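Novice: -17 is the number of the first residue of the sequence shown in this note's numbering; add one for each residue after it.
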Amino acid sequence: MLQKSIKKTKTIFFFLIIPLILFGHENNINDSIKKSNSNLKYSPKQLIIPAALITYSIIAIESDYLKYINSEIKDEINESIDEKFTVDDFSQYAPALAVYGLNNIGIKGKNDLKDRTIILGTSFLIMSGLVLSLKSITKIERPDGSSNNSFPSGHTATAFAGAEFLWQEYKDVSIWYGISGYVVATGTGFFRIYNDRHWFTDVVMGAGIGILSTKIAYWIFPSVESKIFKSKKNSTMVTPFYNGKQMGLGLILNLK
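(1) So, do the region 116 to 123 and the region 79 to 96 have three or more beta carbon pairs nearer to each other than 8 Å?
(2) Is DSSP giving ASP71 helix, strand or coil here?
(3) Taking only runs of the alpha helix (DSSP H) that begin and end inside the region 92 to 157, which ones reach a length of at least 4 residues, in chain order?
(4) Check for me: the alpha helix (DSSP H) holding GLU44 runs from which residue to which?
(5) So, does the region 77 to 93 touch the region 141 to 161, judging by three or more C-beta pairs under 8 Å?
(6) For ASN131, collect the residues of the same chain with a Cβ closer than 6 Å to its Cβ; drop the 5 residues on either side in sequence, then sort them by chain order.
(7) Quick check on the DSSP output: the alpha helix (DSSP H) that includes ASP184 runs from which residue to which?
(8) So the candidates are HIS137, ALA189, TRP201, PHE172; which of them puts its Cα closest to the Cα of PHE72?
(9) Tell me whether LYS27 sits in a helix, a strand or coil according to DSSP, three-state version.
(10) Between the region 151 to 159 and the region 170 to 185, do three or more beta carbon pairs fall short of 8 Å?
(11) Within 10 angstroms of its Cβ, does ILE55 collect 16 or more other Cβ (buried), or is it exposed?
(12) Assign ARG179 to one of three DSSP states: helix, strand, or coil.
(13) Would you say the beta carbon of ALA143 comes nearer than 7 Å to a heavy atom of the ligand ZN?
(14) What is the DSSP secondary structure of ASP13, counted as helix, strand or coil?
(15) Closest to ILE193 by CA distance: which of PHE211, SER205, ALA167 is it?
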């Protein structure tokens, strides 16, 4: 009876992540939809949700009870697995790519091509640095036993960094773009667990890192833009990328 209660609690907790992030990471939805041409400015309250996710995950590294929760979630999901799906290998990029897709069809976001690419590149650079550092430090074994770099989930971090990017760029147009991004990001995290590639806490940590990385990118954008990309006529741009396993640089050419 107790075990059934714990399982039900875990399931509810997992599916509360979406509303928690969507409606808790901003102080007030109504404030978010007020038209504004300015980017996100630093405020301590913006740290609440990513800090909560990151703190939970760090505690879980040494907590026997939370490790037990990890194992129970893994076992519960594995019971219903018929076949694995690799949709998470692609869905991790969907929220960020949606920003460029929407702009290309005429639905303009907050920033132009250059500025939003600088922001996204900064976010991915911060995110990949944190993810790779933690993987090398913690050396936690994956649920499927394939390697010792489970914590945190790079796919989930990428997806949530993109979801926060989509939210910030389009919250003044419609909150539903951001909500869709967070739904896709949460689905990416779920499939990382479903495919036996990550523990629940890996996914939670990835979500926290992804959200925080994008927020930081917006906070420091004025400094990055003025010190590194001084000229408004730059025709080339180098941006970092991280695909869950590899980190590298991509070159963007602005042909005018």
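Even for Gly, the Cβ is constructed at its ideal location relative to N, Cα and C. Small disclaimer: the values here were computed from a predicted structure and weren't measured.
Specialist: The structure says:
(1) At 8 Å Cβ cutoff, the stretches do not touch.
(2) Residue state for ASP71 is assigned as helix, using DSSP reduced to three classes.
(3) Contiguous alpha helix (DSSP H) elements confined to the region 92 to 157 occur at 95 to 120, 136 to 152, taking only those with 4 or more residues.
(4) Following the DSSP letters along the chain, one finds GLU44 inside the alpha helix (DSSP H) bounded by residues 30 to 44.
(5) Proximity of the region 77 to 93 to the region 141 to 161 meets the contact definition, three or more beta-carbon pairs being nearer than 8 Å.
(6) Same-chain partners within the cutoff: LYS117.
(7) Segment 182 to 209, the alpha helix (DSSP H) holding ASP184.
(8) Minimum Cα distance to PHE72 is reached at HIS137.
(9) In this structure, LYS27 counts as helix in the three-state DSSP scheme.
(10) As far as the Cβ criterion goes, the region 151 to 159 does not touch the region 170 to 185, which means the pair count is below three.
(11) By the 16-neighbour rule on beta-carbons within 10 angstroms, ILE55 is buried.
(12) If DSSP states are grouped into helix, strand and coil, ARG179 belongs with coil.
(13) You won't find the ligand ZN in this model; it holds no ligand whatsoever.
(14) Here the model assigns ASP13 a pLDDT of 49, short of 50, so the residue's position is not dependable and the matter cannot be decided.
(15) For ILE193, the closest C-alpha among the options PHE211, SER205, ALA167 is that of ALA167.
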